[in-house]
């Protein structure tokens, strides 16, 4: 290790004992304390942790961009040997523009919508490098080429809204690299992107790291993403750095109990709820002004001892060179960890996919009319254009099972469940649910039907009405459907809250007094209050931190096992869907491409689109090898979907078809039937689909296949 | 688990409504601007309340300090040397702010002037001998039936400005929430009607309303309602447009809730902050309106004092005897400023509170 260091020379960035505080009304909060790390050129360091742990604050402190009320309280930030703390004005501006660059989470907000991309990119060079316009243009084109932007010359003339999200992020990255910065700070650069786009951007970042001599500081909440692009990982918890190690060690031999806990929260791709369980970390991240006096992680730690609660641990360098902030890390063996009793789930009811169908959907279509803007259309002479949001959806949901729906944004998964629940009217097709026709809109449905079909929403901040207390919100459906006599509502709400693992003391709280996970629990309780047969979950965990996500998933599993509730579960995270669902439907551009039992989806035979999706999932385990399939181009518009197979414009397997895939363009593909109701919507013959290699090869997986 | 579940032994009881209201309204104490505004408003409300029981003099009594001279002036007003008015109107220990040209005490009138604006609304009852054609007769005939025999007018608490703003709040939020939530044709029709009302010149609108319905407190309330409703409708529509995209509205829809439940129980409580601030500002505007109408001679019924008509009365003497005009004008403007400051303070604290 020491040898390696001397080889690398002086670090690009040295952060020593950094503490950042924000002034608030009546005092200040220390958001970040005692953070130190080095970053050498050509290295990339990942900073992970749950939200509120101070990841972004560290980045802003390095850039000296803390806003009016934030300041560096202690410590130093040396950039190429120069102290950045306390620098101001022109000097700081020069360093920021010339040698430090930042990439933000949302590319749409990082680019100025009213300037062409060329103007924005060239400005970096003409201002900071004093280049002439032509020279700058040339450099920009070259750089765009480097980030694999198709047709870079043309892109310079366009405005941000004229290119897709993934391309925007490429432009932002290219712009950051233009001045060949010594340090590149990336704050969740792929969080807002779809999984296939994310995969391509991550490939790009990993490649740039190898080729440019740039040091990268990569902030993410997603362990899988960090595993893919970083060689060092800093784990942050409650404003402190708790562990620093090479990426392989973090996943193979996590030393700090928090890191171990984080890894146990995330479902492994391929794990399912029958065979595996998630272990959420109990408690929650303490707010900055209410941190415990001993070890900050103490109250949530499974190995906590008296010393942890009294004495704050310091960062210790272990014999292997890794740093950890724990008194007892050598004594902790994660493989001997025993989950505490209260997170045991109810036993699985066995295979539910053979149960009778509770919902049958046949050829369901949802089209939206889009008014044209030609003169003819204004006078109503032209038939309006249609967005085909859902095309020909056919599936059945067995009682007590979960149907997972996956797909990238804009594939119609939300529209599908909105249509089922009646928020949108069905355009065509049949849908039947316990003897009711559910192609009608909500106001034509009977109360009996409405009561049996409820929904859980995505965003915990908007799922509860801020004006009403928990008991009012959960009690309302009981009152409305008269499932419970009025004088017993309070008692019933308490019972329901207890099954959500929330105490009676939550009854009279307002939503703003609850954390994200608690709000989501109340949202689930409200959906269950009318005792529905089927609950539609629209990305219920995607806005939550991993440990909270694990707790909510456990909760949903428990509820399902106890009440036998049927669920339709939407998510874009393939590991979560695999973990939670019995059956899975993969959607692309409004069309179900593949549907079948969960384990069949994640094993060959694959639909080419499923294959590409699976190969794009970031896996929090650097030892896993994944097939590398990247989709070309962007998702076509649903206004004018491609003819024949909707996926043909991007299909990487099209070459396997005779004639270079003529049939894909002209003919609608047939359903290829496999066993157990597994169906694939593809022109490729059955045996070709079956011959695909598995996307993910795990050492243990290979053994399992051999055992089969 | 993300939540600790200590079973709390204390029986859970909802906090009383009063303490909740106090808790949410106490944020105003954090804002110095709001407190200044509140102090001014409280001062004028206090004055008006006091005047119900006590004023230095009877506000409607004509106190002639020199009977002969005053009678002369009253008779031959246009030809009088203006300096002669000094005799009648000048402040002295008995009349601290002086009297107006008919010899009524200005201090008492300014104090009592707040009553009709803030505290009471008078609805005259039909009398047998005189057919009053200047009130909405159905309402006054109904009130006549329930009122005791000897009353000739019916007084309800709450001033004209307050009732006018309440009226425009009810009308405005109903239409605004309906338009914002329903969208489509409903929105088009409702908002076009509201915009048409805004497009109409205000003063002309007042004159039309008063010409059609006659003079009186109730008519002024209606005039304020009609002119205030479009603004509130626009505001509540824009709030509804935002709030209706939230998931809890979807949750209410998937629960099969009715239109009015969603409008008034789900959307309205979350729009109340901005609406409340707007309503407070509108009370200020309404006081202005009443002043304007009084000045135009279309205002509240004499003889009871009303700041706008007091300004109008003293208008001819503004250069020689400015104190007749100044005091009611000061009353109007300070009260409006006070309401504005108060509303600003509330808005500031509300927005900080939400962060």
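Protein chains in written order, with this note's numbering: chain A, 245 to 952; chain B, 3 to 357. Positions of the beta carbon are idealized from the N, C-alpha and C atoms, including for glycine.
Proximal chain B residues relative to residue i, where beta-carbon distance stays under 9 Å
i             : result
residue 689/A : 258
residue 504/A : Within chain B, no residue comes near residue 504/A; the closest Cβ sits about 17 Å away, beyond 9 Å.
residue 521/A : Near residue 521/A there are no residues of chain B at all, since even the closest Cβ is about 13 Å away, more than 9 Å.
residue 698/A : 253, 256 and 257
Helix, strand or coil at residue i according to DSSP, with G and I counted as helix
i             : result
residue 687/A : helix
residue 34/B  : helix
residue 131/B : The pLDDT assigned to residue 131/B is 49, lower than 50, so where the model puts this residue is not dependable; a value taken from the coordinates is nonetheless given after this. Residue state, collapsed to three classes: coil.
residue 838/A : strand
residue 827/A : strand
residue 742/A : helix
residue 921/A : helix
residue 513/A : coil
residue 107/B : strand
residue 251/A : Its pLDDT being 45, under 50, residue 251/A is placed unreliably in this model, and the value from its coordinates should be taken loosely. Here residue 251/A sits in helix by DSSP.
residue 892/A : coil
residue 547/A : coil
residue 344/A : strand
residue 863/A : coil
residue 264/A : strand
residue 639/A : strand
residue 525/A : coil
residue 323/A : strand
residue 201/B : helix
residue 810/A : strand
Contacts that residue i makes with chain A (C-beta to C-beta distance below 9 Å)
i             : result
residue 276/B : In chain order: nothing, as chain A lies at least about 14 Å away.
residue 2/B   : Because chain B is modelled from 3 through 357, residue 2/B falls outside the range shown and cannot be assessed.
Neighbour list for residue i in chain A, Cβ cutoff strictly below 7 Å
i             : result
residue 271/B : 711
Residue-level contact to chain B via CB, residue i, 8 Å cutoff
i             : result
residue 281/A : no
residue 706/A : yes
residue 501/A : no
residue 603/A : no
residue 701/A : yes
residue 665/A : yes
residue 721/A : yes
residue 804/A : no
residue 263/A : no
Buried versus exposed, by CB contacts within 10 Å (16 or more), residue i
i             : result
residue 590/A : exposed
residue 614/A : exposed
residue 132/B : Only weak support exists for where residue 132/B lies, its pLDDT of 48 falling under 50; the value from the coordinates is given anyway. The residue is exposed, with fewer than 16 neighbouring Cβ atoms inside 10 Å.
residue 199/A : The structure shown has nothing for residue 199/A, since chain A only spans 245 to 952.
residue 24/B  : exposed
residue 511/A : buried
residue 217/B : buried
residue 259/B : buried
residue 106/B : buried
Chain A within 8 Å of residue i, Cβ atoms only
i             : result
residue 350/B : no
residue 268/B : yes
residue 131/B : Residue placement at residue 131/B cannot be trusted, given a pLDDT of 49 that sits under 50; what the coordinates show is reported in the next sentence. Not one chain A Cβ lies under 8 Å of residue 131/B.
Within chain B, the residues that residue i reaches when beta carbons sit closer than 7 Å
i             : result
residue 718/A : Within chain B, no residue comes near residue 718/A; the closest Cβ sits about 11 Å away, beyond 7 Å.
Cross-chain neighbours of residue i in chain B, by beta carbon under 8 Å
i             : result
residue 770/A : 253
residue 694/A : 256, 257 and 258
residue 724/A : 257, 258 and 259
residue 686/A : 255, 256 and 258
Chain D contact for residue i (CB, 8 Å cutoff)
i             : result
residue 732/A : Included in the structure are the protein chains A and B, with no chain D among them.
Give, in chain order, every residue of the segment 238-254 of chain B whose Cβ lies closer than 9 Å to some Cβ of chain A. Against chain A - using a Cβ distance shorter than 9 Å - the residues of the segment 238-254 of chain B are 247, 248, 249, 250, 251, 252, 253 and 254.
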